[in-house]
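Residue numbers (this note's numbering): 26 to 498.
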Amino acid sequence: MQKSILVEIVSALSRKEMRDIQKWLQSPAHNQRQDVIRLFDYLVKNTGREEGLDNAEKEEAWSAVFPDQPYDDAYMRQVMYFLLKSIEEYLAFTEFTGDKVQYQLGLIRIYRKRKLEKAYKQAHRLGSDSLEKQPLRNGYYLLNKFFLEQEEHEHRMAITQNAPANLQEAADAFEKWFLEERLRISKDMLAHHRIYQKISYNHGLLEEALLYANRNKMLEEPAIAVYYYTYMALINPSEEEYFEKLEHYIHNHMECFDPSEVRTLYLAALNYCAAKVNQGHLDYCRKALKFYRQGLDTAILIENNQITRYLFSNAVAFAMKIGEFDWAESFIESYQQYLEEKHRNGTVNFSLSRLYFEKGDYDKAQRYLVEFEYDDMLQNIVAKTMLLKIYYEQDELDAFESLLESLRIYLRRKEALDPARKAAYKNLISLMKKLLHLNPYSKAQTERLRQLVETTNPLMERDWLLRQLEGRR
């Protein structure tokens, strides 16, 4: 039974679900086999044992279900099959009845097909009321709006071909749902492609969807607007008005979306802020921290009681760049418990090293940086960059030059690193080399290098490089 779908499902059930399924199996409407009940009872009793259900063998289960009969593999498979189907029926039933709108749509469809006029009208009214009273105004809302209009159209056509048609309402509802989904999926495609450059996507009708949404007042619909502005902000980062609109929706209209959607919007906004900060727009650090504060207060950024190490590290990085040391220290202390255990020490040490570096406590920062090996590629690069700055500022130029060469080789080998980020670090290495060999008495050389630092793009640590040159003028 180790790889059984049945075992996988039972192991994932909550205690309440187990109790409910036991009642479900007792009902003759759902199950009429006592061996199915006994097998489920056996599986439930063994979910808590140390080795888990995965190690339970069919022969062992058979002995519990049929203690006085010799093992019959074909019959055992049959009992397992009937139990699996009964559990799946329960899960499908609870999922379906747990959604009032879908439940009413099911009744609407049944009553329409049976031509039960009064029952149909009541179900349609209750379905419409349920849809409007629930808070979501996302794809779920738009799709169910279309389903309701479509059912009404089918109902009218079944009565008489001359009945007033609601085809326009059905078409409008479908159009809105299509636009929302097209924009949402395109936003996800764009984000995924930027992480995995080798994957390319066909965006189909995206260009037409963008034009149509903008020209036909579709942006009055929150679900369409938020994905339109997200996509446009990501594809046109220099046109900041798109991000400002996205920012407005995130801070004021998130009740229209379910938590998983809100989370993806927060992540898109934070990625945009990170890109702007990397270009030197430090005002976006404050925007990012506002997203963090709101996202942490509402637990949107905490998924399955965990916060990713990347979100954690980036929060500290944003705070460091604008001198929010107290907030960063409080954040590290309060939220490290939400880090996955295998990454906790490394992420916390990395974050503390940044904090101490920015506070000027280079000894503590260096201790964290050299004593811990970071398994994340980007953390490794940032850690090496911090060490480079420490070595340079403390005049440890041999160590600085050696680490600079080490980082150059490391970057060359890391093909998975985002090309724009890799280019920014390669430019940093090049300018650090020029800084190392700069004639400290030549104002002309210093000025040429300063101009090069100011005009090189993309570039990491531009402000740090300029500060080093400022002292030589």
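Beta carbons: idealized from backbone N, C-alpha and C, even for Gly. All values reported here derive from a predicted model rather than from experimental measurement.
| Asked | Found |
| --- | --- |
| Neighbourhood of Asn191 by C-beta distance below 8 Å, restricted to the same chain and skipping five residues each side | Glu174, Glu177, His178 and Arg181 |
| Own chain residues within Cβ distance below 8 Å of Asp488, not counting five before or after | Gly305 |
| Beta strand (DSSP E) runs wholly inside the segment 73 to 143, at least 3 long, in chain order | none |
| Ile34 to Thr372 span [Cα, whole Å] | 34 Å |
| Nearest-angstrom Cα separation, counted from Glu426 out to Ala448 | 20 Å |
| Own chain, CB closer than 7 Å to Lys384, minus 5 neighbours either side, in chain order | Phe350 |
| Sub-8 Å separation of Ser338 and Gln391 beta-carbons | no |
| The segment 256 to 268 touching the segment 201 to 217, judged by at least three CB pairs closer than 8 Å | yes |
| Of the residues Asn187, Arg162, Arg139 and Val407, the one placed nearest Asn303, counting alpha carbons only | Val407 |
| Supposed contact pair Val90 and Val104 - C-beta distance, whole angstroms, cut 8 Å | 7 Å |
| Where the alpha helix (DSSP H) through Cys310 begins and ends | Asp308 to Asp322 |
| Nearest neighbour of Leu252, chosen from Arg219, Ala294, Gln222 and Ile220 [CA to CA] | In the sequence under discussion, the amino acid at residue 252 is Tyr, which differs from the Leu named in the question. Considering only alpha carbons, the answer is Ala294. |
| Pairwise C-alpha distance: Ala54 and Glu75 | Confidence is the limiting factor: at Glu75 the pLDDT is only 42, short of 50, which leaves the residue's position unreliable, though a coordinate-based value still follows. Looking at the two C-alpha atoms, the distance is approximately 35 Å. |
| The alpha helix (DSSP H) enclosing Met214, as first and last residue numbers | Leu192 to Ile220 |
| Inter-residue Cα distance where the pair is Leu474 and Ile275 | 42 Å |
| Close beta carbons around Gly77, own chain, < 6 Å, minus the five adjacent residues each side | In this prediction, Gly77 scores a pLDDT of 47, lower than 50, which makes its location untrustworthy; the coordinate-derived value is nonetheless stated afterwards. Taken in chain order, the list of residues that qualify is empty. |
| Burial state of Thr480 (16 or more Cβ within 10 Å) | exposed |
| Buried/exposed call for His273, threshold 16 Cβ in 10 Å | exposed |
| Leu461, buried or exposed, once every other Cβ within 10 Å from all chains shown has been counted against 16 | exposed |
| Tyr466, buried or exposed, once every other Cβ within 10 Å from all chains shown has been counted against 16 | exposed |
| Presumed contact (8 Å Cβ cut-off) between Phe121 and Tyr115, rounded CB distance | 11 Å between Cβ atoms; not a contact. |
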